Every structure is written in C-alpha cells, then in structure tokens.
Amino acid sequence: QSVWGYDSDNGPERWHENYPMAKGDKQSPIEINSKDVRHDSSLAPWHASYDPGAAKTILNNGRTCRVVFDDSFDRSVLRGGPLTGAYRLRQLHLHWGSSDDHGSEHVIDGVKYAAELHMVHWNPKHGNFAGALKQPDGVAVVGIFLKVGKTPKPEMKRILEEIDNIKTKGKEAPFQHFDPSILFPKSRDYWTYHGSFTTPPCEECITWILLREPIEVSPDQMAKLRSLSKNGENEAMNPLVDNWRPPQPVKGRVVRASFK
Ligand SMILES: COc1ccc2c(ccc[n+]2C(=O)c2ccc(S(N)(=O)=O)cc2)c1
Ligand SMILES: [Zn+2]
C-alpha cells in the first residue's frame, strides 16, 4: 500500500485514491483573496493560555517536524475567536519549501510564504482527538506564516536548535519547558474559515484561524529545516522539503476577517 507523501507517485494529486475525503468540498488549504474576504465585527479576539510544562517531545516523522504536548486535560488551551469553548493544544508542526519563495500551504493574495506553522487544538467535548476528527467543530488550527528576514524571532531558535537531534525519520527528542505562544506575531488579526486537515485522511473538521502578520526566520534557520531527512538513519539522506499541499477549491465558502 503506497503510503501517502509529497512525491509524484504518492503526492496530493493522488491522495484521493486512498483517502476519498481529499476530494471533499471543504478542503484545505485555500487561496485567500482579500477582495472576497468579509470583515465580521462580531468575531471575538482569540486567546491562548499555554502551560510551558505541557511540552513533551519533538519528532521527525518523515513528513514534518512536530512538537507534541500533554493534552490529557485542559492544560494548554485556545479560546475565543470563532470558537465556542476551550480547545486543547495537541501538537504543532511546520510545512516548508525547497527555497524561500514557496512552502506555505495557504496562499494570501498570490503570496506564498517560505513556511507555515500549524498549532493543532481539539475540542474535548468530543472525548478524544480521534472522536474530534469526526466532528465539524472538532479541531482548531492556528496557522502562522514564516517569512525569511533579517530580524528573526529568537523564539524560533529553540525549535530549530533541536533539529540536530531529529535529523532522520523516526527520531524523537525531549522538548520541554516551551510556551508556543511566544511564536505569535504582535498583531492578533486573523482570517477564519471552515476546512480540513491538509494531510490525509483530510477530514473536514477544522476551524482555521490564520494570523495575518507573518513572523520572521533567518536564512540559516530555513536551511536548518531543510536539513531534515525524509528517510531513516540507515538510508540515504532525502531532504525533507516541499511538504505542503497546494490550495484546494473554495467551493463557495466565505472567509471572514477579524480586521477591516
Ligand atoms: C491516527 O493517528 C493520527 C494522527 C494524526 C492525525 C490523524 C488523522 C488526521 C490528522 N492527524 C494529524 O495529527 C494532523 C494532520 C494534519 C494537520 S494540518 N496540516 O494542520 O491540517 C493537523 C493534524 C490520525
Ligand atoms: Zn499542517
């Protein structure tokens, strides 16, 4: 069974063969065009209250670099914005390109960012993550765009320093005392719409909250991400890059903005 990936023989164009939801009408990512966005003054601000002690490990699963958090109780939660109730932070991960001019999954007015960071939260009213995947209000993902610049955010350093310990697929390292809210940009402005996981099985259970202001990373921080391998330690190095799904059909969905 050909496991899904981002190569020509198992990439986004073929995911629907094993994961039919990939052809649904609420798929993510999407291209956001400001002219089609509707400012919604009733949208509340969002709030994250994360416990740095909830961070557990960082791992390379051959498709992304992921930081995992303890989500066994309401320890690190996201509230407000378009959400009802508190959603528990489960993991964060990234998508990036082979060069700085692309790599993000969502595209804003034609702009592709070098990378996109996803903070994944789930709604505990559905019992557990697996249950939440089956609900339209099951999951909330905060998306932060990364652009390459000269004043990199020092907080990204922490994640990228760990990269040396998880170079190959399957490698995991302890990653503790980390509060991911330090990665948030100054502005709280966001777009929100209903969509799906951007990886198989592509369930349509996600309330997306995309932050308007990108954060900056340095060229060598991007090079660090690109030094991860898709393969295991006893296999040939195969750079883990271009792990992004292209924009999917909007199909009449409305993207709302918290800002004018
Ligand atoms: C059974 O084990 C799993 C484990 C993880 C699963 C998953 C099903 C869907 C998404 N996930 C994810 O964790 C996941 C995948 C994609 C995204 S994304 N890129 O933020 O849409 C977020 C979260 C099943
Ligand atoms: Zn993602």
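Just so you know, the sequence shown maps onto residues 1020 to 1279 in the working numbering. Think of the CB as a built atom: it goes at the ideal place given N, C-alpha and C, for glycine as much as any other residue. Given the structure is predicted, the values throughout are model-derived calculations rather than measurements.
task = Considering only heavy atoms of ligand 1, list every residue whose Cβ is less than 5 Å from one of them, following chain order.
result = His1137, Val1139, Val1160, Phe1216, Thr1217 and Thr1218
request  = For His1121, verify whether its CB is less than 7 Å away from any heavy atom of ligand 4.
outcome  = Questions concerning ligand 4 fall outside what the structure shown contains, since the ligands it does hold are ligand 1 and ligand 2.
task = Report yes if the C-beta distance between Gly1024 and Ala1063 is below 8 Å; otherwise report no.
result = Residue mapping note: residue 1024 aligns to position 5 of the sequence shown, counting from 1. Residue mapping note: residue 1063 aligns to position 44 of the sequence shown, counting from 1. No, Cβ-Cβ distance for Gly1024 and Ala1063 is not below 8 Å.
inquiry  = Measuring CB atoms only, is the stretch 1181-1195 touching the stretch 1230-1248, in the sense that at least three cross pairs come out at less than 8 Å?
reply    = The stretch 1230-1248 and the stretch 1181-1195 touch, with three or more beta-carbon pairs separated by less than 8 Å.
request  = Taking all protein chains shown into account, decide if Val1289 is buried (16 or more other Cβ within 10 angstroms of its Cβ) or exposed.
outcome  = Lying outside 1020 to 1279, the shown extent of the chain, residue 1289 is not represented and no answer is given.
query = Between the stretch 1196-1205 and the stretch 1255-1267, do three or more beta carbon pairs fall short of 8 Å?
reply = no
query = How many angstroms separate the CA atom of Gly1162 from the CA atom of Asn1253?
reply = By one-based count along the sequence shown, residue 1162 stands at place 143. By one-based count along the sequence shown, residue 1253 stands at place 234. Roughly 34 Å separates the two Cα atoms.
inquiry  = Give the list of continuous beta strand (DSSP E) stretches no shorter than 3 residues that lie fully inside the stretch 1173-1226.
reply    = 1191-1193 and 1209-1214
Under the three-state DSSP convention, the category Phe1088 falls into = As a working note, residue 1088 is residue 69 in the sequence shown. In this structure, Phe1088 counts as strand in the three-state DSSP scheme.
query = Taking just the CA atoms, how far does Thr1170 sit from Arg1207?
reply = Numbered from 1 along the sequence shown, position 188 holds the residue referred to as residue 1207. Numbered from 1 along the sequence shown, position 151 holds the residue referred to as residue 1170. Rounded to whole angstroms, Arg1207 to Thr1170 spans 20 Å at the Cα level.
ask   = If we call anything under 8 Å between Cβ atoms a contact, is Val1158 one with Glu1050?
value = The residue given as residue 1158 occupies position 139 in the sequence shown. The residue given as residue 1050 occupies position 31 in the sequence shown. No, the Cβ-Cβ distance between Val1158 and Glu1050 is not below 8 Å.
key: Residue from Pro1101, Thr1083 and Trp1065 with nearest C-alpha to Ile1225   = One-based indexing of the sequence shown puts residue 1225 at position 206. Here the closest residue by C-alpha is Pro1101.
inquiry  = For a test of your reading of the model: does the CB of His1145 fall under 7 Å from any non-hydrogen atom of ligand 2? Yes or no.
reply    = Here residue 1145 refers to the residue found at position 126 when the sequence shown is read from its first residue. Checking the Cβ of His1145 against ligand 2 gives no.
Backbone CA spacing between Leu1113 and Leu1136 [nearest angstrom] = Walking along the sequence shown from the start, residue 1113 turns up at place 94. Walking along the sequence shown from the start, residue 1136 turns up at place 117. Straight through space, the alpha carbons of Leu1136 and Leu1113 are spaced by roughly 4 Å.
ask   = CB of His1112 to nearest heavy atom of ligand 2: below 7 Å?
value = By one-based count along the sequence shown, residue 1112 stands at place 93. Indeed, a heavy atom of ligand 2 lies less than 7 Å from the Cβ.
ask   = So who's on the other strand from Pro1171, going by DSSP bridges?
value = By one-based count along the sequence shown, residue 1171 stands at place 152. Bridge partners of Pro1171: none, in fact.
key: According to DSSP, residues forming a beta bridge with Gln1110   = In the sequence shown, the residue the question calls residue 1110 occupies position 91. Partner(s): Val1087 and Val1139.
Beta-carbon proximity list for Val1139, same chain, < 6 Å, skipping 5 on both sides = What you label residue 1139 is simply residue 120 of the sequence shown in a count that begins at 1. Arg1109, Gln1110 and Val1160, listed in sequence order.
key: Through-space distance from Ser1047 to His1145, alpha-carbon basis   = As a working mapping, residue 1145 is identified with position 126 in the sequence shown. As a working mapping, residue 1047 is identified with position 28 in the sequence shown. Taking the straight line from one Cα to the other gives about 22 Å.
ask   = Considering only residues of the same chain and omitting the five flanking positions on each side of Ala1041, which have a CB-CB separation below 7 Å?
value = The count along the sequence shown starts at 1 and reaches residue 1041 at position 22. If you ignore the 5 residues before and after Ala1041, its C-beta comes within less than 7 Å of the C-beta of Trp1034, His1035, Pro1219 and Cys1221, all in its own chain and listed in chain order.
query = Where Arg1272 and Ala1255 are concerned, what is the direct C-alpha to C-alpha distance, given to the nearest angstrom?
reply = In the sequence shown, the residue the question calls residue 1272 occupies position 253. In the sequence shown, the residue the question calls residue 1255 occupies position 236. Cα to Cα, Arg1272 sits roughly 43 Å from Ala1255.
query = Can you list, in chain order, the residues of its chain whose CB lies under 8 Å from that of Pro1155, leaving out five sequence neighbours each side?
reply = In the sequence shown, the residue the question calls residue 1155 occupies position 136. Within the same chain, Pro1155 has close Cβ partners His1213, Glu1223 and Cys1224.
query = What is the C-beta distance between Met1241 and Ala1073, in whole angstroms, given that I count them as a contact (C-beta under 8 Å)?
reply = In the sequence shown, the residue the question calls residue 1241 occupies position 222. In the sequence shown, the residue the question calls residue 1073 occupies position 54. At roughly 27 Å, the Cβ-Cβ gap does not stay under 8 Å, so Met1241 and Ala1073 are not in contact.
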